[in-house]
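Here is the structure we will look at.
Protein chains: 2
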Amino acid sequence: MIKRYSYSPIIDTGAVVKNIPLSEGSPTPFILTGDGAFVYHMSDKCRIYGLGEATRGINKRGWIYDGWCTDEPLHTEDKRALYGAHNFILFDGEDRFAAFFDIPGKITFDLGYTESDTAVITPESFNLELYIVTGDSLKDIVSQFRALIGKSYMPPKWAFGYGQSRWGYVKEEDIRSCADRYTDAGIPLDMIYLDIDYMDRFMDFSVSSERFPDLEAFAAEMKSRGIRLIPIIDAAVKKLDGYSVYDEGHEQGYFCKDADGKDFVVGVWPGMSVLPDFLDPEASRWFGMQYKALTDIGIEGFWNDMNEPALFYSEKALNNAIEELKNKSDISLDALNFFGLRDTMNRLQNSPDDYKSFYHNAPEGRFRHYDVHNLYGYKMTKSAFDALTELRPDEPSLLFSRASYIGAHRYGGVWTGDNHSWWSHILQSLQQMPGLNMCGFLYSGSDIGGFGGNCTRDLLIRWMSFAVFTPLMRNHAAFGTRSQEAFAFGDTEVFRHIIELRYRLIPYLYKSFVKAVESDGMFFRPLAFDYEDDGIAATVEDQLMVGDSLMIAPIYRQNAVARHVYLPEDMRLIRMSKGDISTEELNKGWHYVSVPMGDVVFFAKSPIPFAPPAMNTSELQWENLETL
Amino acid sequence: MIKRYSYSPIIDTGAVVKNIPLSEGSPTPFILTGDGAFVYHMSDKCRIYGLGEATRGINKRGWIYDGWCTDEPLHTEDKRALYGAHNFILFDGEDRFAAFFDIPGKITFDLGYTESDTAVITPESFNLELYIVTGDSLKDIVSQFRALIGKSYMPPKWAFGYGQSRWGYVKEEDIRSCADRYTDAGIPLDMIYLDIDYMDRFMDFSVSSERFPDLEAFAAEMKSRGIRLIPIIDAAVKKLDGYSVYDEGHEQGYFCKDADGKDFVVGVWPGMSVLPDFLDPEASRWFGMQYKALTDIGIEGFWNDMNEPALFYSEKALNNAIEELKNKSDISLDALNFFGLRDTMNRLQNSPDDYKSFYHNAPEGRFRHYDVHNLYGYKMTKSAFDALTELRPDEPSLLFSRASYIGAHRYGGVWTGDNHSWWSHILQSLQQMPGLNMCGFLYSGSDIGGFGGNCTRDLLIRWMSFAVFTPLMRNHAAFGTRSQEAFAFGDTEVFRHIIELRYRLIPYLYKSFVKAVESDGMFFRPLAFDYEDDGIAATVEDQLMVGDSLMIAPIYRQNAVARHVYLPEDMRLIRMSKGDISTEELNKGWHYVSVPMGDVVFFAKSPIPFAPPAMNTSELQWENLETL
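Order-wise, the sequence lines are chains V and A. Everything in the first sequence is counted per numbering that gives the first Met the number 0, starting at 0 for the first residue and increasing by one. Everything in the second sequence is counted per numbering that gives the first Met the number 0, starting at 0 for the first residue and increasing by one.
As structure tokens, this is what we get:
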């Protein structure tokens with residue numbers, strides 16, 4: 000049962016694909032207070048699920064979150080927002096209901112942060128539609144919600160292979176050498192990602208002729224080895240006369256404008272840049288069709304980045320800051336003045352003032368970016384999806400994004416952004432998955448080994464052992480960090496075995512994924528969703544159900560060689576050790592399970608199909624599989 | 000058995016109090032390589048303990064650490080150094096031995112980070128004494144080392160009470176009101192800390208006459224209520240003509256000098272400041288005697304801060320940066336130039352260049368600060384301890400510090416510095432305790448509730464339930480963060496019960512502490528130290544032995560109401576629930592223990608004395624106690 004309440008929506012976000020009749024009166028069980036907050040008093044036992052990729056536990060109770068797409072490079076547990084604004088929240092207490100706050104601007108979820116027993120949800124501007132979903136079970140509520148927002152994006156089969164990425168592969172030879180080292184080690188690989196370095200001066204849809212003299216031939220060479228190249232596309236377009244994408248967009252008025260109607264200029268990787276107006280259908284289609292430059296030379300997938308949008312600075316704010324520095328720098332500095340001066344520069348990045356200084360031309364009219372901020376990355380993904388569907392009508396393209404909003408799940412996946420080489424981020428990734436799935440984002444995963452900071456061999460092994468089960472399985476790292484490819488730490492056998500296991504499981508994972516898409520279900524589920532009457536299952540925050548038959552319980556602590564695993568029913572333990580699979584029957588309840596480094600352990604409710612090992616998805620056998 | 004190896008030591012750090020004859024030849028089991036690294040090949044089972052307050056697990060294997068006192072405000076798991084340089088490390092593998100690298104400069108401990116099976120310890124400059132300790136057991140090795148470095152600091156009894164702190168109590172009335180709210184709630188309290196706001200313009204040994212018009216009378220008023228005031232002392236002295244501490248020190252040449260022999264000027268809280276030369280015995284004694292200004296008006300304890308030393312900037316580097324900003328700011332900025340410009344200011348804080356730009360006058364000669372950096376906080380603590388012993392000969396003073404080096408443990412405690420209101424920092428605190436104890440720092444604890452960021456009610460309850468057992472039990476928070484006193488979240492009964500439990504346990508905790516001091520033992524021990532043959536105990540990273548009879552296993556995950564606890568032998572579970580104590584016999588092995596919010600659960604090997612509840616230590620009954 001879904002009820003819709005409407006509070007002066009300013010724009011059709013497109014998140015919802017069904018017409019739900021309008022309900023009048025109070026949005027029970029919320030109390031709508033006079034100062035515009037939706038308040039719900041929680042019983043002690045009330046748990047809260049949802050909020051997509053937000054930080055912290057599977058149970059979101061006890062913290063405060065913002066629905067606000069944020070370029071956040073440090074995913075510590077106190078962060079209120081990451082890249083996606085996923086305003087779906089599910090209460091499981093005395094009442095059981097979910098709420099979707101469809102609002103393009105900012106909204107705050109105080110979930111027992113200020114008062115332990117009270118959830119207070121406050122839209123910053125009161126322009127929203129609210130959907131309240133009730134149902135027979137947690138899964139039923141999610142399923143009804145998912146039907147409301149439309150079927151999830153379905154990637155190509157090969158996107159379930161393993162991919163290697165690194166910001167720092169700057170030339171063809173870096174990529175070839177990476178592929179060679181995988182081949183030499185006998186480690187399967189389906190994709191190598193191209194980060195911003197493949198472009199000419201970070202200009203979208205350009206290719207550096209110096210470093211990639213013939214990308215078409217190179218892509219073909221790689222594909223003949225079973226490896227696809229997946230380039231990045233950043234949201235902003237370099238402001239450079241003579242650069243055709245800029246010239247065309249500028250001429251056609253396709254970029255976001257400042258209050259005076261001039262292109263709003265921001266600084267990002269290419270330096271001074273402009274922002275395509277993805278809320279303008281014509282601009283959006285125009286930008287999408289630029290992908291043709293790359294699809295024409297054989298590219299079959301993309302990742303869209305920097306589309307919160309991330310702004311290092313705006314031209315105007317930077318000029319102001321420099322003026323301020325010049326004026327202030329003569330004063331005798333005490334500590335606070337020093338910090339003030341220092342922060343003049345630090346405050347520039349992703350500043351709300353900048354988001355308030357440019358405008359979109361949507362079909363409904365002109366909107367200040369700040370008020371529709373959360374739609375930007377979403378509409379960029381839609382722009383690409385629509386164009387790729389037209390450009391490559393015969394087969395699906397791979398597409399995923401950093402920023403997102405519910406609705407974007409129909410057009411692409413998401414990765415969880417710029418995490419770190421922290422042990423805590425293995426668990427964080429696991430805990431992000433069910434929230435993302437509830438919001439329709441099924442094709443997802445985290446940067447294996449961590450994006451920022453330096454990885455260690457053991458961290459990579461344990462992280463990969465979890466990522467074997469994430470639909471998007473990509474190893475990615477930032478510029479200047481330690482190499483963390485599967486070949487980077489020597490003694491590659493252990494990595495070969497783990498990635499090989501991934502390929503052996505692809506038929507199960509893919510079939511489970513397709514089923515989740517088609518049935519509006521969740522690929523990853525908290526144990527509580529499958530075992531509603533099990534009081535312990537409800538508290539387990541470090542295990543997940545994967546598809547209908549599997550449960551995972553990875554190791555996420557350095558130097559740990561065992562962990563407690565809760566079995567909500569009798570299951571078989573499946574162990575991959577040095578490439579060999581063995582099984583063991585275990586009874587319902589707690590088990591202290593040994594997981595030596597390199598072993599992958601998981602749990603099955605029913606027989607699981609295993610494909611024979613394969614070096615990539617095109618070699619993979621999909622039928623007549625051994626079941627274990 | 001202790002062997003000493005000597006490699007051109009440049010200064011007597013004073014860390015060691017025993018004469019150990021010099022050994023010649025190779026420092027086995029290390030191999031000393033040609034490029035000056037101490038290398039040890041580790042078996043798979045080798046665990047590594049030590050490194051004092053360093054981040055990450057009790058077992059330090061798998062990361063890289065620096066021995067370098069660092070003002071680090073963000074204790075994420077990747078940080079290589081915090082405030083203390085605690086260069087003691089204990090290998091427990093095929094060989095069992097410890098090493099103490101007595102070096103006043105920088106040293107790096109690569110403990111299986113670069114190569115999983117190899118420890119590589121590299122002093123940056125080769126000026127060190129190395130002690131290798133072998134023995135019959137882990138405890139025996141630590142005990143021998145502790146005898147080498149001398150008896151640990153013994154605080155007054157009242158320092159085992161509970162203390163409240165906050166950067167932001169700016170005036171007498173703030174403190175009185177804090178005390179009143181504790182009294183009104185019936186929550187015991189022994190200390191209120193004064194952060195930098197009590198001073199006049201952050202000048203050491205001054206008191207703001209406006210905000211604390213009569214600190215002597217106020218301290219007496221508080222003491223009559225059983226509450227002592229504990230002011231902060233920062234390392235640097237404001238450079239201000241007419242400020243007697245500055246004038247005197249400047250005239251006598253007691254401040255660190257630049258290469259030209261002029262006072263080296265740095266920016267910290269008071270603005271432009273100078274650094275007392277704690278390596279100069281005369282300067283050190285002179286600075287210590289300044290505490291008299293506060294002991295004369297009834298102050299009985301201090302915390303020394305900012306003594307890594309923390310430098311926001313140096314006068315010279317700031318002027319250079321501002322020049323650079325002025326010159327660079329006209330150029331057209333691409334992203335990298337922008338980040339470069341921004342970092343011109345961000346790079347100023349705690350810059351190695353500044354540490355290389357000033358000098359100390361030690362008895363052995365003139366030293367560049369960078370080469371003896373790790374001694375600064377240590378020698379500040381010694382300065383205060385020596386003076387307080389002279390000024391208050393009849394009773395011990397409370398003294399603890401942020402920066403430290405082994406040796407400082409004889410003169411004061413340490414707190415673990417500027418942590419955050421993160422759940423992960425409950426566990427981090429627990430894991431720091433045994434390392435600190437090995438290095439002699441017995442009087443220690445973390446800022447309960449977290450210093451940076453915003454605390455929640457549940458975090459405070461769980462953190463406090465752990466801190467019941469830390470000798471230093473202080474709630475402290477940064478300016479601008481949410482209030483987190485035990486009265487700040489309403490419904491104070493639960494906090495009253497937990498803090499009351501602390502007081503009931505003080506006789507046990509104090510006696511255990513005294514025994515650890517006198518026997519060169521550890522107050523907090525990893526389970527592995529007491530149960531060397533128990534393979535599971537060796538892997539437990541979230542429980543500790545406390546004194547001879549107790550074991551703790553706190554909750555450190557939000558929304559958790561139970562956890563697994565490993566009992567290495569049969570023990571009694573002791574549960575405090577709503578002020579009532581109950582016990583339950585449990586068998587050796589794993590238990591899934593329920594810990595509802597507000598309950599404190601711990602484990603006992605033998606009967607534990609419980610004092611009757613008391614509102615402060617002066618009311619506490621120490622003898623004829625009930626045992627449970």
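Think of the CB as a built atom: it goes at the ideal place given N, C-alpha and C, for glycine as much as any other residue. The structure presented is a predicted model; accordingly, all values stated were derived computationally and were not measured.
* To do: Buried or exposed for V:Y591, please, with buried defined as at least 16 other CB atoms from any protein chain shown within 10 angstroms of its CB.
  => Counted from its first residue, the first sequence places residue 591 of chain V at position 592. Exposed, because fewer than 16 other Cβ atoms sit within 10 Å of the Cβ of V:Y591.
* Report the rounded CA-to-CA distance for A:M437 versus A:N373, giving the unit in angstroms. => On the second sequence, position 438 is the one that residue 437 of chain A refers to. On the second sequence, position 374 is the one that residue 373 of chain A refers to. Each residue's alpha carbon lies about 18 Å from the other.
* To do: Just confirm the distance between the C-beta atoms of V:P470 and V:L441, as a whole number of angstroms; I'd bet it's less than 8 Å.
  => The residue given as residue 470 of chain V occupies position 471 in the first sequence. The residue given as residue 441 of chain V occupies position 442 in the first sequence. Confirmed, Cβ separation roughly 6 Å.
* Is A:M305 near A:A234, with beta carbons less than 8 Å apart? -> Within the second sequence, numbered from 1, the residue matching residue 305 of chain A stands at position 306. Within the second sequence, numbered from 1, the residue matching residue 234 of chain A stands at position 235. For A:M305 and A:A234, yes; Cβs fall inside 8 Å.
* Within the stretch 411-473 of chain V, note down every full alpha helix (DSSP H) run reaching 4 residues or more, in order along the chain. => 423-437 and 456-466
* **Nearest-angstrom Cα separation, counted from V:L566 out to V:D533** => As a first step, residue 533 of chain V must be located in the first sequence, where it is residue number 534. As a first step, residue 566 of chain V must be located in the first sequence, where it is residue number 567. Their backbone Cα atoms lie some 11 Å apart in a straight line.
* Asked: Is it true that the CB of V:I102 sits closer than 8 Å to the CB of V:I405?
  -> For the purposes of this step, residue 405 of chain V is taken as residue 406 along the first sequence, with counting starting at 1. For the purposes of this step, residue 102 of chain V is taken as residue 103 along the first sequence, with counting starting at 1. No, Cβ-Cβ distance for V:I405 and V:I102 is not below 8 Å.
* To do: Determine the DSSP secondary structure at V:I131, reduced to helix, strand or coil.
  => Residue mapping note: residue 131 of chain V aligns to position 132 of the first sequence, counting from 1. V:I131: strand per DSSP, three-state reduction.
* Spell out whether any CB of chain A is found under 8 Å from the CB atom of V:Y375. => Here the question's residue 375 of chain V lines up with position 376 in the first sequence. Residue contact with chain A for V:Y375: absent (no Cβ-Cβ distance below 8 Å to any residue of chain A).
* Please name the residue in V:G260, V:A258, V:P269 and V:M221 whose C-alpha comes closest to that of V:V236. => In the first sequence, counting from the first residue as 1, residue 236 of chain V sits at position 237. V:V236 has its Cα closest to that of V:P269, out of V:G260, V:A258, V:P269 and V:M221.
* Asked: Quick one: any contact between the stretch 118-131 of chain V and the stretch 88-99 of chain V, if contact means 3 or more CB pairs under 8 Å?
  -> yes
* Asked: Quick one, which of V:P595, V:L81 and V:K256 has its alpha-carbon nearest V:V493's?
  -> Translated into the one-based positions of the first sequence, residue 493 of chain V becomes position 494. Answer by Cα proximity: V:P595.
* To do: Starting from the beta carbon of V:H563, find every residue of chain A whose beta carbon is closer than 7 Å, and list them in chain order.
  => By one-based count along the first sequence, residue 563 of chain V stands at place 564. Those are H563, listed as they occur along chain A.
* **Alpha-carbon to alpha-carbon, V:K170 and V:F211** => Counted from its first residue, the first sequence places residue 211 of chain V at position 212. Counted from its first residue, the first sequence places residue 170 of chain V at position 171. Using only the alpha carbons, I get a separation of about 6 Å.
* Which residues does DSSP pair with V:W302 in a beta bridge? -> As a working note, residue 302 of chain V is residue 303 in the first sequence. According to DSSP, V:W302 bridges with V:I231 and V:F399.
* **Residues that V:E71 contacts on chain A, provided the C-beta gap is smaller than 7 Å** => In the first sequence, residue 71 of chain V corresponds to position 72, counting from 1. Per Cβ cutoff of 7 Å: no residues; V:E71 is ~14 Å from chain A at best.
* Might you give, ordered along the chain, the residues of its own chain that have their beta carbon closer than 7 Å to the beta carbon of V:G588, omitting 5 neighbours on each side? => In the first sequence, the residue the question calls residue 588 of chain V occupies position 589. Around V:G588: L566.
* **Distance between A:D77 and V:S283 (C-alpha atoms, nearest Å)** => By 1-based counting over the first sequence, the position of residue 283 of chain V is 284. By 1-based counting over the second sequence, the position of residue 77 of chain A is 78. Cα to Cα, the separation comes out at about 41 Å.
* Asked: For V:K604 versus V:M570, is the C-beta distance shorter than 8 Å?
  -> One-based indexing of the first sequence puts residue 604 of chain V at position 605. One-based indexing of the first sequence puts residue 570 of chain V at position 571. Taking 8 Å as the Cβ cut-off, V:K604 and V:M570 qualify as a contacting pair.
* Please list the residues of the stretch 107-118 of chain A that have a C-beta atom closer than 7 Å to any C-beta atom in chain C, keeping them in chain order. => Given the protein chain composition of this structure (V and A), no chain C is represented.
* To do: Quickly, what does DSSP pair V:T121 with across the bridge? List them, please.
  => In the first sequence, the residue the question calls residue 121 of chain V occupies position 122. According to DSSP, V:T121 bridges with V:T107.
* Whether V:I231 touches V:A178 by CB criterion (8 Å) -> Translated into positions along the first sequence, residue 231 of chain V becomes position 232. Translated into positions along the first sequence, residue 178 of chain V becomes position 179. No, the pair does not count as a contact, with Cβ atoms beyond the cut-off.
* **Length of the line joining the Cα atoms of A:A361 and A:P280** => Here residue 361 of chain A refers to the residue found at position 362 when the second sequence is read from its first residue. Here residue 280 of chain A refers to the residue found at position 281 when the second sequence is read from its first residue. One C-alpha to the other measures close to 7 Å.
* Check distances from the C-beta atoms of the stretch 338-360 of chain V to those of chain A and list, in chain order, the residues that come in under 9 Å. => F338, L340, R341, D342, T343, M344, N345, L347 and Q348
* Asked: Taking Cβ-Cβ distances below 8 Å as the criterion, which residues of the stretch 411-434 of chain V are in contact with chain A?
  -> H419, S420, W421, W422 and S423
* **Short Cβ contact (8 Å threshold) for V:L458 with V:P553** => Residue 458 of chain V sits at position 459 when you count from the first residue of the first sequence. Residue 553 of chain V sits at position 554 when you count from the first residue of the first sequence. Their beta carbons are not under 8 Å apart, which means V:L458 does not touch V:P553 by this criterion.
* To do: Examine chain V for any beta-carbon lying closer than 8 Å to the beta-carbon of A:A610, and answer yes or no.
  => Counting from one through the second sequence, the residue named residue 610 of chain A turns up at place 611. No, no contact with chain V.
* Cβ atoms of A:Q427 and A:S85: under 8 Å apart, would you say? -> Along the second sequence, one-based indexing puts residue 85 of chain A at 86. Along the second sequence, one-based indexing puts residue 427 of chain A at 428. The sequence shown places His at residue 85 of chain A, rather than the Ser named in the question. Going by beta carbons, A:H85 and A:Q427 fall outside the 8 Å limit.
* The beta strand (DSSP E) spanning V:Y168 covers which residue range? -> For the purposes of this step, residue 168 of chain V is taken as the residue at position 169 of the first sequence. It is not in any beta strand (DSSP E) - V:Y168 carries neither H nor E in the DSSP assignment.
* V:F53: contacting residues in chain A (beta-carbon distance under 7 Å) -> Mapped onto the first sequence, residue 53 of chain V falls at position 54. Looking at the sequence itself, residue 53 of chain V is Ala, so the reference to Phe does not match. Correct list: empty, because the minimum Cβ distance to chain A is about 13 Å.
* Are the beta-carbon atoms belonging to V:G160 and V:P187 less than 8 Å from one another? -> Here the question's residue 160 of chain V lines up with position 161 in the first sequence. Here the question's residue 187 of chain V lines up with position 188 in the first sequence. Yes, Cβ-Cβ distance for V:G160 and V:P187 is below 8 Å.
* So V:Q163 is in the beta strand (DSSP E); what residue range does that whole segment cover? -> As a first step, residue 163 of chain V must be located in the first sequence, where it is residue number 164. Counting along the chain, the beta strand (DSSP E) containing V:Q163 begins and ends at Y161 to Q163.
* **V:T113 to A:G597 span [Cα, whole Å]** => To locate residue 113 of chain V, count along the first sequence from 1; it is residue 114. To locate residue 597 of chain A, count along the second sequence from 1; it is residue 598. C-alpha of V:T113 to C-alpha of A:G597: approximately 18 Å in a straight line.
* **Terminal residues of the beta strand (DSSP E) in which V:H475 lies** => In the first sequence, counting from the first residue as 1, residue 475 of chain V sits at position 476. No beta strand (DSSP E) contains V:H475, which DSSP labels as neither H nor E.
* Please list the residues of the stretch 600-624 of chain V that have a C-beta atom closer than 7 Å to any C-beta atom in chain A, keeping them in chain order. => none
* May I have the straight-line CA-CA distance separating V:D417 from A:E247, to the nearest angstrom? => Mapped onto the first sequence, residue 417 of chain V falls at position 418. Mapped onto the second sequence, residue 247 of chain A falls at position 248. Taking the straight line from one Cα to the other gives about 52 Å.
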